[in-house]
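Some notes on the structure that comes next.
2 protein chains.
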Amino acid sequence: MENLSKILDIDHRTEVKQFQKGKILQHAGDAIAQTFYVKKGLIRSYIIDSKGKEHIFMFAPENWIIADVEAIEFNEPVKLFIDCLEDSEIIIFDKDCLFKADFSKEKMAENAQLLYRRLGKLQRRVLMLMGSPAIDRYTYFLDTYPELPNRVPQRMIATYLGITPQALSTIRSKIARSK
Amino acid sequence: MENLSKILDIDHRTEVKQFQKGKILQHAGDAIAQTFYVKKGLIRSYIIDSKGKEHIFMFAPENWIIADVEAIEFNEPVKLFIDCLEDSEIIIFDKDCLFKADFSKEKMAENAQLLYRRLGKLQRRVLMLMGSPAIDRYTYFLDTYPELPNRVPQRMIATYLGITPQALSTIRSKIARSK
DNA sequence: GTTATGCATTCATCTAGATGAAGAAATGAA
DNA sequence: TTCATTTCTTCATCTAGATGAATGCATAAC
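Those protein sequences? They're chains X and L, same order as listed.
Here the first sequence stands for residues 1423 to 1601, where the numbers follow this note's numbering.
Here the second sequence stands for residues 1423 to 1601, where the numbers follow this note's numbering.
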């Protein structure tokens, strides 16, 4: 995961808020969708589907931003829950913080570039979900985000990968045995 | 699908190329990944997975752009095939056509905004793949892209949804019977 | 210490969708 | 028109992963 801090116009004057582990920053159904920049800590976004099951859309450790982009951009109802997996320091933005008129041209280009990078990552996510078995998605996850398994429980990695914790457990024991 | 023509600096001087239905514009493994703007016609991008199965990443009808963003942005090997589903008129761009220094500030902001919209669409795609059964993904597809079923065969819709043509056929007959 | 709550593992069963084969319907070329 | 090719549908079988339950293991609260 690459550093996305530059995507927002964050400087020393910006107000940082403290939240405890477990704090829910945004609920599905909220009237407005906000954007959260993680200065310190770890947060995640997830949906709860029609059967009550959780699916993690993304993790956001230090310097990442997280938002329900679909809700913000298309005025859809907010679908994503966002909560803290660790005690965190968060900067909260309203809609459209990315395209402020007083940004310099260079800043605009930077923002566009960083959005493009995230598009690339999401493209990969879609291709993995469609074309790779769970075990490949897991090993790719470990390669790409080597620090996360130390910070989040297995069951959350499972729901990020699109499988159940039991299935991930089975995959892990299979990998361990084959070594 | 919203109009993405403005994302590129397309004017009358730009060279348009003609391609016939079936023409492959980009192969997985190609040395450079290009960006394709569809002036007329219909193209698609897709991967072929380790078992030889096709998975369509996206369709691009008139005014859409298509590219292997991951390959372009992270210098990864090209994974996406791109080919013509109809006779098409295409404008081909090289890497980084979105962030040219001579773009105006307004153009930059527009480009960033359009990238953001596409992020919103991809977010939805991931959430649907993870959290919704195939039948819901199909009805959402019909709602969102009502013109595409008339232009592409069922089997391609199936591989876009992440299921086999047989499974889609079963879903369709189930829907037909329940009416 | 004891009790509780959450997490990971294992197993037995179930199911959505994959796979493979066959036939019917549509499309296209000669 | 005929013949070939592709697409769609149906069915029988198979499998990856879901579901649900039981067990063991932590960490935390009392």
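Each residue gets a CB set at the ideal place from its N, CA and C atoms; glycine is no exception.
Treat the numbers as computed from the prediction; the structure is a model and nothing was measured.
Check, Outcome
"Three-state secondary structure assigned by DSSP to L:Ala-1589", "helix"
"Same chain, Cβ closer than 6 Å to L:Met-1423, five either side skipped, listed in chain order", "Per-residue confidence for L:Met-1423 stands at a pLDDT of 39, beneath the threshold of 50, marking its modelled position as unreliable; the derived number appears in the next sentence. Answer for L:Met-1423: no residue qualifies."
"Neighbour flag for X:Asn-1497 against chain L, beta carbons, 8 Å", "no"
"Beta-bridge pairing of L:Met-1480 - partner residues as DSSP gives them", "L:Ser-1467"
"Buried versus exposed, by CB contacts within 10 Å (16 or more), L:Asp-1490", "buried"
"Pairwise C-alpha distance: X:Pro-1587 and L:Ala-1450", "34 Å"
"Beta-carbon gap between L:Tyr-1459 and L:Ile-1513 smaller than 8 Å", "yes"
"Nearest to L:Ile-1487 (by Cα), restricted to the options L:Glu-1569, L:Leu-1536, L:Ala-1531, L:Glu-1508", "L:Leu-1536"
"Beta-bridge partners of X:Ile-1504, as assigned by DSSP", "X:Gln-1448, X:Ser-1467"
"Backbone secondary structure at L:Val-1574 - three-state DSSP", "coil"
"Within chain L, partners of X:Glu-1602 - CB distance below 7 Å", "There is simply no residue 1602 of chain X to check, as chain X begins at 1423 and stops at 1601 in what is shown."
"Spatially closest choice to L:Phe-1503 from L:Arg-1540, L:Pro-1575, L:Gln-1456, L:Ser-1467, by CA coordinates", "L:Ser-1467"
"8 Å Cβ cut-off: residues of chain L touching X:Leu-1537", "Ala-1534, Leu-1537, Tyr-1538, Leu-1541"
"Host beta strand (DSSP E) of L:Lys-1527 (start-end)", "That residue, L:Lys-1527, is in no beta strand (DSSP E); its alpha helix (DSSP H) goes 1527-1553."
"Outcome for L:Asn-1425 when other beta-carbon atoms lying within 10 angstroms are tallied against a minimum of 16", "Residue confidence for L:Asn-1425 is low, a pLDDT of 47 falling below 50, so the modelled location carries little weight and cannot support an answer."
"9 Å Cβ cut-off: residues of chain L touching X:Ser-1554", "Asp-1471, Ser-1472"
"X:Ile-1579 - DSSP class collapsed to helix/strand/coil", "helix"
"Alpha-carbon spacing of L:Asp-1524 relative to X:Lys-1473, whole angstroms", "51 Å"
"Check: X:Lys-1443 C-beta below 7 Å from any heavy atom of the ligand MG", "Of ligands this structure carries none, so the ligand MG is not represented either."
"L:Glu-1492 burial status per 10 Å Cβ neighbour count (16 or more: buried)", "buried"
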